[in-house]
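See below for the structure under consideration.
Protein chains in written order, with this note's numbering: chain A, 1 to 111; chain B, 112 to 990.
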């Protein structure tokens with residue numbers, strides 16, 4: 001529960017989920033842990049925002065899911081990117097980079 | 112592809128709900144289990160791991176609810192759930208539901224009913240082709256007292272042949288004729304029209320044809336078109352009617368066409384249309400009105416400008432006509448008046464209808480306030496339920512939506528009830544005397560009206576549901592955090608505001624109704640100048656062929672009067688040409704001997720009557736004498752004038768022996784009597800001057816019979832009928848009515864307006880009384896403990912009673928204060944509907960507040976007495 005992660009922007013969370021699943025299929029807990037890991041502990045998605053996001057992305061057709069078995073031999077729902085999802089990951093990444101560099105420039109210029 | 116998959120998702124969400132829910136459940140459980148595994152791996156005991164995992168997860172049910180919220184189709188499903196939930200809640204509180212539904216049904220019902228009137232009469236286009244382009248055209252010369260003057264055959268022809276702003280123009284007048292031949296003789300209403308009449312309206316006949324060009328000239332007009340109703344009534348819808356002859360005023364006339372059902376113009380009672388026998392050289396009399404279709408893109412005022420120019424040209428070419436009474440080069444006000452046809456037909460009802468619409472709008476607002484009050488009271492008792500739903504993860508918007516759904520369900524049920532009430536109301540309207548109200552037959556509760564009601568119900572639901580929904584939702588949220596929240600003062604403040612508003616609205620309505628009622632009463636107690644009690648009126652019409660010589664009709668009238676006087680039950684009888692209040696209007700100019708006739712002309716009512724008519728009518732003879740049997744066609748021409756005229760010309764009103772002339776042929780009539788003035792056109796009119804001539808010197812073919820009876824009029828009617836048929840079996844007696852009925856008819860639309868407005872005001876008052884009763888009960892309930900303690904400490908019950916009543920009176924005072932402002936605004940718009948009553952009439956403006964205070968006191972008394980009788984022990988134990 002590190003500070004600032006609760007009001008994680010929806011778009012940001014979606015992008016992080018897509019990015020994580022770009023590395024391979026995963027289940028809810030795995031995705032949360034992976035996001036935490038790749039953001040070096042900055043983001044710590046809670047189930048209350050993670051699951052609605054996963055279900056929303058799945059309904060949009062960007063993710064697909066199937067039941068599988070976890071490392072600890074638990075039945076778990078695995079999410080993976082669909083083709084549409086992968087395409088969106090690319091465009092969203094490009095967008096994000098543009099925005100991020102623009103904001104970075106702006107902040108840099110005024111400081 | 113994504114679309115397809117989304118549809119599949121939607122279907123599975125909606126129809127395989129269990130499977131979807133089970134999957135969600137499994138996913139959550141797996142997530143938690145893995146979380147526990149993780150904790151155990153870090154060295155926690157299973158017990159500790161489970162607790163820690165649960166804390167990290169947060170509320171499982173909340174997470175599930177959040178996931179459900181993002182599903183496709185959730186909205187649809189939630190609405191359905193909300194509706195079902197609402198229905199369950201409403202079923203659980205049948206008393207509450209019934210009161211709300213009845214209140215709303217009344218509020219929406221009166222609105223639906225009045226809207227159906229407004230829609231049928233005002234909004235719906237006239238049933239003619241391109242009705243927006245139809246206008247009525249008359250001429251006008253206000254300097255000689257003729258604001259709305261009819262056309263002569265010559266002016267009509269001139270206008271018809273010389274204008275470009277009018278695409279087609281037709282003239283019409285109305286009259287009656289005797290129909291004889293097969294079956295009983297009867298009197299039928301006739302429209303006498305020029306050939307283009309039906310072309311102007313753009314109507315096709317149901318059978319046969321309408322008139323051809325040239326059929327409106329003398330010698331060619333022996334044809335007629337009949338109405339659908341007449342065709343059914345007289346000929347049982349005989350399909351071979353075309354080509355048959357009607358015996359109309361003893362003249363055979365060929366039926367060439369039947370109009371479609373529902374067509375009757377210019378008056379609803381017209382059954383036969385015959386062509387005019389136009390003579391373009393006749394510059395008088397003025398008996399025609401014109402209807403016209405404007406050329407595309409021409410406005411009525413443009414047409415008025417052009418036709419006025421044509422009329423001036425005509426006047427220049429015909430220097431001897433009345434159009435030149437005020438010379439054109441001396442600032443004559445001669446002009447035409449072009450009015451949209453719809454305005455002519457329904458203009459008079461516009462204002463009363465709009466006022467009624469405002470009134471029912473106010474009733475609905477009052478009803479909404481009542482329902483909002485009830486919902487507010489209930490919101491307080493639902494705090495716990497809402498708090499629980501919050502705790503289970505419902506989002507705030509979800510709960511607000513649920514509460515609004517409940518309101519909408521209530522409003523829609525109320526709306527359905529309202530439609531039923533409106534339907535009943537419109538049917539009842541059909542049984543009331545409504546002649547004189549234009550287009551009333553077009554009023555129905557149909558799809559348009561239903562659409563209006565549905566919209567109104569939704570709006571109503573939002574209106575009364577919003578505040579309680581917000582309140583319940585806010586209180587629920589507070590209660591979810593603190594234990595046992597209770598909505599005290601804030602709720603009561605909105606309650607009070609609503610009640611004050613209700614009284615303000617009721618006040619406005621009651622003032623409006625009070626003014627109209629008082630005005631109506633004034634109208635009916637107006638001095639008429641004659642006595643309408645036990646007075647029968649009827650009409651006999653003599654066929655012009657059989658009675659072509661004046662002596663014949665004079666002889667008939669003389670013998671008829673003789674026979675009538677000797678009938679049992681007849682106290683007095685007379686014949687005349689004009690009966691008051693039926694629109695028998697015969698106004699013209701006149702000249703008093705030795706006075707300058709020029710300048711501003713005075714219009715006078717010209718009548719003829721038999722000796723004894725004054726006595727039968729109960730018109731007092733002030734000076735001189737009544738007509739006598741000796742005033743014959745060959746004796747000295749005489750006249751009787753009324754006081755109104757006498758006082759206009761002679762300071763002392765002594766007109767005896769002076770001479771007047773009305774026909775323009777210098778036939779001077781010597782005044783032999785002065786009688787009291789009478790109201791000729793209606794209750795509200797200013798007294799007009801009258802000149803009476805003896806029927807023997809001014810014979811008529813349409814004689815109006817006035818009979819004063821001893822007792823019940825009905826047996827006398829039969830005797831009169833047989834007296835007439837004894838003289839001539841071909842003469843029908845028609846329009847048999849008592850004078851009181853005749854007068855009542857002129858008040859039909861006013862009576863209806865009054866009845867409706869009064870009922871709405873009473874309804875508003877009852878709703879407001881219920882409202883204040885509820886609010887004061889709530890007030891007493893919320894201060895029950897305090898009252899109990901006060902009583903225990905020795906307070907007098909009387910003091911508490913007064914306290915509660917004072918609280919109620921404060922609300923009323925606020926309501927009346929606001930109401931006065933609203934009422935002043937409303938009544939200013941009503942001025943033209945009032946008769947001899949000021950829009951700020953002091954009696955109404957003191958009576959209505961007194962009534963309101965009285966009703967409010969009565970409504971507050973029950974809760975107040977409850978307050979003074981609180982059992983201290985019970986009150987304290989409650990806590």
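Glycine included, every Cβ here is placed at the ideal spot set by N, Cα and C.
According to DSSP, residues forming a beta bridge with residue i
i	result
residue 753/B	786/B
residue 76/A	68/A
residue 365/B	334/B, 356/B
residue 139/B	None; residue 139/B has no bridge partner.
residue 319/B	368/B
residue 801/B	716/B
residue 222/B	Looking at the DSSP assignment, residue 222/B forms no beta bridge with any residue, so it has no partner.
Contact set between residue i and chain A, taken where Cβ atoms lie within less than 8 Å
i	result
residue 154/B	Within 8 Å Cβ-Cβ: nothing; residue 154/B doesn't reach chain A, min ~16 Å.
residue 128/B	The premise fails here: residue 128/B is roughly 15 Å from chain A at the closest Cβ pair, so nothing lies under 8 Å.
Which of helix, strand or coil DSSP assigns to residue i
i	result
residue 99/A	helix
residue 842/B	coil
residue 66/A	strand
residue 761/B	coil
residue 972/B	helix
residue 1027/B	Because chain B in this structure spans residues 112 to 990, residue 1027/B falls outside the shown range and cannot be described.
residue 741/B	coil
residue 181/B	helix
residue 819/B	strand
residue 186/B	helix
residue 239/B	coil
residue 534/B	helix
Where residue i meets chain B, residues with beta-carbon distance less than 8 Å
i	result
residue 72/A	145, 148
Minimum C-alpha distance to residue i - residue among the options
i	options	result
residue 725/B	555/B, 685/B, 935/B	685/B
residue 296/B	782/B, 260/B, 914/B, 845/B	845/B
residue 979/B	914/B, 237/B, 657/B	914/B
residue 748/B	505/B, 806/B, 558/B	806/B
residue 286/B	385/B, 526/B, 878/B, 964/B	385/B
residue 704/B	673/B, 768/B, 670/B	768/B
residue 904/B	981/B, 973/B, 948/B	981/B
residue 607/B	885/B, 818/B, 960/B	885/B
residue 763/B	785/B, 781/B, 778/B	785/B
residue 382/B	339/B, 349/B, 191/B, 241/B	339/B
residue 659/B	965/B, 129/B, 158/B, 361/B	361/B
residue 966/B	738/B, 617/B, 170/B	617/B
residue 480/B	271/B, 378/B, 605/B, 499/B	605/B
residue 174/B	23/A, 48/A, 95/A, 32/A	48/A
residue 634/B	945/B, 984/B, 222/B	945/B
residue 681/B	828/B, 349/B, 798/B	828/B
residue 740/B	668/B, 534/B, 115/B	668/B
Within chain A, the residues that residue i reaches when beta carbons sit closer than 9 Å
i	result
residue 498/B	Under the 9 Å cutoff, chain A gives no residues; its nearest Cβ is about 20 Å from residue 498/B.
residue 501/B	Neighbours of residue 501/B on chain A: none; closest Cβ ~15 Å, over 9 Å.
residue 120/B	58, 59, 61
Chain B contact residues for residue i, given Cβ-Cβ distances below 7 Å
i	result
residue 55/A	178, 181, 182
residue 46/A	169
Own chain partners of residue i with C-beta closer than 8 Å, once the 5 adjacent residues on each side are dropped
i	result
residue 976/B	912
residue 67/A	75, 76, 77, 78
residue 868/B	466, 467, 470, 620, 623, 624, 627
Partner residues on chain A for residue i, Cβ-Cβ distance less than 7 Å
i	result
residue 117/B	59, 61
residue 174/B	47, 48, 51
Interface partners of residue i on chain B, CB under 9 Å
i	result
residue 77/A	134, 137, 138, 141, 142
Beta-carbon proximity list for residue i, same chain, < 7 Å, skipping 5 on both sides
i	result
residue 150/B	160, 163, 164
residue 941/B	466, 623, 626, 950
residue 253/B	444
residue 84/A	61, 62
Beta-carbon contacts of residue i that lie in its chain and below 6 Å, excluding the five residues immediately before and after
i	result
residue 244/B	404, 405
residue 872/B	620, 621, 624
residue 830/B	678
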